[in-house]
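Numbering (the UniProt record's numbering), first residue to last: 1 to 176.
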C-alpha cells in the first residue's frame with residue numbers, strides 16, 4: 001500500500017469531485033448546493049495553483065482527501081491571509097489522513113508570504129474543530145444563521161492560526 005501527499009494534478013479532478021460532491025449532497029460542511037462538474041473542479045484547482053498549494057492524499061492510486069488554501073479576501077491588504085479547506089473521502093474518515101494532509105499543507109506554506117490561515121467551520125462539526133485545535137488553530141468568531149441548507153440554518157465558526165511573524169514575512173518577500 002503506497003501513500004503519498006502531493007500536489008494535485010489536472011487528472012485528479014474526477015476523484016476530487018467525488019469526494020467533494022458527497023459533502024454537497026449530504027452535509028452542511030459546504031454551502032454549495034449544486035454538484036460540481038469535473039471541468040469546474042479542474043478550473044478551480046488550476047486557478048488556486050497559480051498562486052497557492054492544493055494537495056492530495058493518495059493511497060494506491062486512489063485520492064482519499066485533499067486540502068488547499070485560497071486568498072481570504074480579494075482586497076490587497078488581505079494578501080498575507082488565506083482560508084484553508086480540507087475534505088476527506090467519507091470512507092477514509094477517522095484514519096488520521098486529515099491530520100497528515102493538513103500538516104503537509106501548513107508546512108508547504110512556509111515557502112509563501114502568508115501570515116494567517118483562517119478556517120471556516122460549519123457548526124456543529126466536532127471532528128473538524130478537534131483537528132483544527134490539535135493543529136494550533138483557535139476560535140476567533142462565530143456567525144449565526146449565515147447559511148441555509150437542507151431546511152436548516154447553519155452557524156459558521158472561524159478558527160485562525162498565525163504561522164509567520166512580520167519579520168518572517170519580510171524574509172519571504174526578500175528572497176528574490
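By construction, the Cβ of each residue, glycine as well, lies at the ideal position given by its N, Cα and C atoms.
| Item | Value |
| --- | --- |
| Backbone secondary structure at residue 39 - three-state DSSP | helix |
| Runs of alpha helix (DSSP H) wholly within the stretch 93-130 (minimum 4 residues, chain order) | 97-108 |
| 8 Å contact criterion, which residue 177 and residue 7 should meet: CB distance rounded | Only positions 1 to 176 of the chain appear in this structure, which leaves residue 177 out of reach. |
| Under 8 Å between C-beta atoms of residue 48 and residue 65 | no |
| Residues near residue 115 by beta carbon distance below 6 Å, same chain, minus five either side | 80, 164, 169 |
| CB of residue 82 within 8 Å of CB of residue 120, strictly | no |
| For residue 29, the residue or residues it bridges with in DSSP | Answer by DSSP bridge pairing: none, since residue 29 is not bridged. |
| Cross-strand partners of residue 160 (DSSP beta bridge) | 118, 138 |
| Beta-carbon contacts of residue 38 that lie in its chain and below 8 Å, excluding the five residues immediately before and after | 13, 14, 17 |
| Strand pairing of residue 67, partner residues [DSSP] | 55, 86 |
| Given residue 106 as reference, the closest of 34, 127, 134 once Cα atoms are compared | 134 |
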